[in-house]
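As they're listed, the protein sequences go chains A and B.
Heads up, my numbering is the position in the first sequence plus 9, with the first residue counted as 1.
Heads up, my numbering is the position in the second sequence plus 203, with the first residue counted as 1.
Cβ coordinates follow ideal geometry from the N, Cα and C atoms, glycine included.
Beneath this line is the structure, given in structure tokens, with notes to follow.
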Amino acid sequence: MPTSLVDAESLIAIDVGSVTTRAFLFDVVDGRYRFLASGAAPTTANAPFSDVSEGVRIALENLQSITGKVLLGGDERLIIPSMSDGSGVDVVAATISAGPPLRAVLVGLLEDVSLESARRLASTTYVRVVETLSLNDRRKTENRIDAILRLRPDLVLITGGTDGGASQSVLKLLESVGLANYWLPQENRFEVLYAGNQKLEDEVKATFQRIGPLHIAPNVQPELGVQQYQGAQIQLADILRTIRSRQLVGVKELDNWSGGGLLPTASSFGRVIRFLTRIYDSAKGVLGVDIGASATTLAAGFAGELIQAVYPHLGLGHGATGILHQATVSEIKRWLHLDLSDDDIRQYIYNKALYPSSLPETQEDLAIEQVMARLAMRLALRDISPGFPAHSFRYGPALLPWFEPIVATGSVLTRAPNFGQSALMLLDGLQPTGITTLVLDQNHISPALGVSAAVNPILAVQVLESNTFQNLGTIISPLGNAKPGTPVLRVRMTLDGSSETAVEVKQGSIQVLQIPQGQEAQLSFTPLQRYDIGMGGAGRGGRLRVRGGALGVIIDARGRPISLPPDPVRRRELISKWRWILGC
Amino acid sequence: MLAEVTHILPVTLIRRERMLPIPGRVLVRKGQKVSATDVIAEANLNPEHLLLDIARGLGLPEDKADRYLQCKDGMQVAQGDILAGPVGWAKRVVRSPRGGRVILAGDGKVLIELDSPPFEMKAGIPGTVIELRENRSVTIETSGALIQGVWGNGQIDYGLMFVLVRSPDDTLTTDRLDVSMRGSLVIGGYCGDAEVLRAADSLPLRGLVLASMDAALVSEAARMRFPIMLIDGFGKLPMNTAAFKLLTTNERREAALNAENWDRFKGVRPEVVIPLPASGEPKTPREVGYFEAGQQVRILRAPHKGKIGTLVALHPGINRLSNGVQTKTGVVQLESGDEVVISLVNCEILE
């Protein structure tokens, strides 16, 4: 790890996504680390390749042709470390989200306690829970064995018992897991992660170590009310790496290039969000959202604490139909500004799942895809919100806590035809409260920074400070209970060296105050009707200095949660109006 | 740019490796001829177990009970066989309630895997077995026409093809299905009515190949006992002209329909194989390719979804589509002669 830039090292971060493989080059420019360029290629994890190397090679070739820097040797392999002629790179970091989600069986004592911890742990990476076993499970041991064998899990995740707590009941549950794994042929045995009562560690080892791969992590719930996931998350990342290495050629090599530091993309994204909580306003959290083809990931950081969840069933690619299991077509339709039939929407989603990497070419398809992104965010938030710390600032229990900033990535957001569409998707999907900044990671660089931070934290800090992300705008979301049309906020904006603009914001409206990119403005707020804008309580106003982003300042007074008119014609008119205001 | 390839080929060499999900038993030998529905391998995918508490049965503590075990790991037992005992004056014994194989015996317990019907893996295509992987997979080779689909309901069968599609945009209705089609593989156009699927099931058909289907019928189609394959996708989509020509010119031939669901990760997808003798030595078609001008492509997204054309130009760099989305684009000349600009990720090579 360089302690100064004297021994600065160039770094390539490679992210193998389910659709796209990206390679990012970082190096020192004018004494500071900078993101220089990225190359992309279709991921080659699927058959007939079943080998991520080809996608990585093409992404590196693209990066090579963009930068003019020689990265690949005559054998088409990455040159590590860099040579005296400037070719190659010193350090490699890598992340992966390609591959089907791991199938997991969760084992815990009580449904509401340890199984809930297991669920939360499983949701931190690309896992699909296929079965749960707990004390509430009345099945006989042999039926549990059969259930596990029928489902052929990749992983059994065991939690349960506080340290020094219940032991016999945990062991009883483990009997069926051990016997099921014993039955399987050696090469088909599942990985076992034990993150329960540490007093049982020796007995767990005695039961499982001879049978199959066993991983021990610190208890996720060492005592009642105390939860710690970090240790188990590291083990889970390790298991994912092991399984992907078995499934896909090239993963092991990628891991070797990165010195054994290959991470799940979601973990790395979470690491950046946690990192940002140390830089930004500690009273608020930092929210990250990544809407990918394989999954939607939410990461919320609160003063160094990270709450993260990966939702493979809410990805916009192969798993697109998963949204239909959680939301009706009518719910999707409610957010559309176009008059499309239920059939149109359903057929679109099923066809999208057939061709996950395809892009919308018509306005209709684009509208549906963007609404799916909104719903993916809403559904993910509904699930993750109960896990947000009780001390996080929020206006109401069903509303989003205060975040600053909100970092968003994922092709549906970054490839939107204009920033207005990206912003409106985020405003509708997340429905932020108070004052926040929407930041778009257009280059999908966050996971690369997260994984790079482990080998070169200075690089991560300097790149984050270098305006790598696109500031979409400052969001003001006043909250209160006034009727639509009632003035709820007065805003005065003074642009540096320019005249003053004053606006009165009415409940139900959305307004944009333009600030030229790079310029700063002084904002002064006077809430009416005892509205809360997050400046210290209901009715409290104040001043704020903001830098112009792509859209300036967006005052979103549509209420929280946003309530859409039941009449479809009025609703579509209203959504079209919002789109027009944001320049969509 | 790397591209997916879909095969709609009049004659080609088809080679498919059929793999068991877990090790089992391969039932064919190299060089053997198989039909699509022949069982070529089997495995115990859904085992049923019985855990017997020997200690309790004998009325002994666990450590003592093990001394009376009369079975050991791996032993085959029949219903009524003594597993442990006799113990005491009453000569207490524990018998196996059903036949099976002892998986584990010890610590006062015996775990038996009960005899149960295995999962049978069918060949999927007719042909010759050319390679075996012990306990795991069978590779079959054949020559013939190949039509790959985009969605399947997981079933496999074969039969004589009965073409009910008169034009690429035809709709299959119940009144067009009758008893003369019983046992055949029907080629239809669009299906938007669950009654059509039920009627086909009641005949029954051996299989149904559709251009497209209403997505609302997915769960109904998945429940059908006969294979269903979609060639072009969901919604009212016409059958692509290449598939239409190939299927209609092969009417009344025997064909195999493997309606396996499309899994890119595993490399399996639904397909129809019409066995035909090959002249010369045909090659196996490539699975992926790189876009080049002159290739035949199928368009995957609206407004030209399902249409076939020739890729006439690849644009450099990134370009903006009419809806504002930025992407790599190319020019496709459709069969009508019209030229359209298409995102390359929305095309697949057709060959």
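Close beta carbons around residue i, own chain, < 6 Å, minus the five adjacent residues each side
i, result
"E334 (chain B)", "T342"
"S291 (chain A)", "A312"
"S366 (chain A)", "V28"
"A268 (chain B)", "I257, A258, L261 and G311"
"L388 (chain B)", "G362, M364, R409, G410, A458 and L460"
"G279 (chain A)", "A308, L315 and Q317"
"M278 (chain B)", "V305"
Neighbour flag for residue i against chain A, beta carbons, 8 Å
i, result
"A505 (chain B)", "yes"
"A419 (chain B)", "yes"
"G533 (chain B)", "no"
"N249 (chain B)", "yes"
"L517 (chain B)", "no"
"P226 (chain B)", "yes"
"P314 (chain B)", "The sequence as given places Leu at residue 314 (chain B); Pro does not occur at that position. Chain A contact via Cβ: present."
"R501 (chain B)", "no"
"L553 (chain B)", "no"
"K486 (chain B)", "no"
"T530 (chain B)", "yes"
is_contact[residue i, chain B] using C-beta, thresh 8 Å
i, result
"D60 (chain A)", "no"
"P426 (chain A)", "yes"
"S178 (chain A)", "no"
"T306 (chain A)", "no"
"V15 (chain A)", "In this predicted model, V15 (chain A) has a pLDDT of only 45, less than 50, meaning its place in the structure is not dependable; the value taken from the coordinates is given anyway. Not an interface residue."
"A50 (chain A)", "yes"
Sequence-distant residues of the same chain with beta carbon closer than 7 Å to residue i, five excluded per side
i, result
"E184 (chain A)", "T150"
"K439 (chain B)", "Y393, G395 and S415"
"C593 (chain A)", "N427, G429, Q430 and L433"
"L14 (chain A)", "Confidence is the limiting factor: at L14 (chain A) the pLDDT is only 48, short of 50, which leaves the residue's position unreliable and the question unanswerable from this model."
"Q244 (chain A)", "L202, H224 and A226"
Whole-angstrom C-beta distance between residue j and residue i, which should lie under 8 Å
i, j, result
"P410 (chain A)", "G259 (chain A)", "In fact, because the Cβ distance is near 40 Å, the residues do not count as touching under 8 Å."
"R343 (chain A)", "G310 (chain A)", "That pair is no contact at about 31 Å."
"T442 (chain A)", "R569 (chain A)", "6 Å"
"L323 (chain A)", "A362 (chain A)", "Not confirmed; about 13 Å, so no contact."
"L504 (chain A)", "I564 (chain A)", "With a Cβ gap of about 16 Å, L504 (chain A) and I564 (chain A) do not count as contacting."
"A463 (chain A)", "G270 (chain A)", "6 Å"
"E529 (chain A)", "R501 (chain A)", "Not quite, the Cβ-Cβ distance comes to about 15 Å (not below 8 Å), so this is no contact."
"S455 (chain A)", "G297 (chain A)", "7 Å"
"L257 (chain A)", "S59 (chain A)", "6 Å"
"R43 (chain A)", "S475 (chain A)", "6 Å"
"E316 (chain B)", "G303 (chain B)", "5 Å"
Chain-order list of residues whose beta-carbon lies under 8 Å from that of residue i (same chain, five-residue window excluded)
i, result
"L400 (chain B)", "C394, L411, L420, E423, A424, M427 and I431"
"H346 (chain A)", "A376, R581, I584, S585 and R588"
Within 8 Å, strictly: CB atoms of residue i and residue j
i, j, result
"S276 (chain A)", "A246 (chain A)", "yes"
"S93 (chain A)", "D99 (chain A)", "no"
"G187 (chain A)", "I220 (chain A)", "yes"
"G107 (chain A)", "I23 (chain A)", "A quick correction: the sequence has Ala, not Gly, at residue 107 (chain A). No, these two residues do not count as a Cβ contact at 8 Å."
"L450 (chain B)", "V214 (chain B)", "no"
"E70 (chain A)", "G95 (chain A)", "no"
"I511 (chain B)", "T532 (chain B)", "no"
"M222 (chain B)", "R339 (chain B)", "yes"
"L433 (chain B)", "L406 (chain B)", "no"
"L367 (chain B)", "E457 (chain B)", "no"
"G326 (chain A)", "S303 (chain A)", "yes"
"I75 (chain A)", "A50 (chain A)", "no"
"L548 (chain A)", "R539 (chain A)", "The displayed chain sequence assigns Gly, not Leu, to residue 548 (chain A). Closer than 8 Å, so yes."
"R504 (chain B)", "P369 (chain A)", "yes"
"I225 (chain B)", "L248 (chain B)", "yes"
Contact list for residue i against chain B, beta-carbon separation under 7 Å
i, result
"I154 (chain A)", "H252"
"Q372 (chain A)", "N526"
Where residue i meets chain A, residues with beta-carbon distance less than 8 Å
i, result
"K236 (chain B)", "Here the premise fails: no neighbours, minimum Cβ distance about 26 Å."
"L307 (chain B)", "L188 and Y191"
"R410 (chain B)", "Checking the sequence, you will find Gly at residue 410 (chain B) rather than Arg. Result: empty, since nearest Cβ-Cβ is about 20 Å, beyond 8 Å."
Min CB distance residue i to chain C below 8 Å
i, result
"P371 (chain B)", "This model lacks chain C altogether; the protein chains it does include are A and B."
Residues that residue i contacts on chain A, provided the C-beta gap is smaller than 9 Å
i, result
"I350 (chain B)", "Per Cβ cutoff of 9 Å: no residues; I350 (chain B) is ~16 Å from chain A at best."
Closer than 9 Å at the beta carbon, the chain B residues around residue i
i, result
"R161 (chain A)", "P224, I225 and L248"
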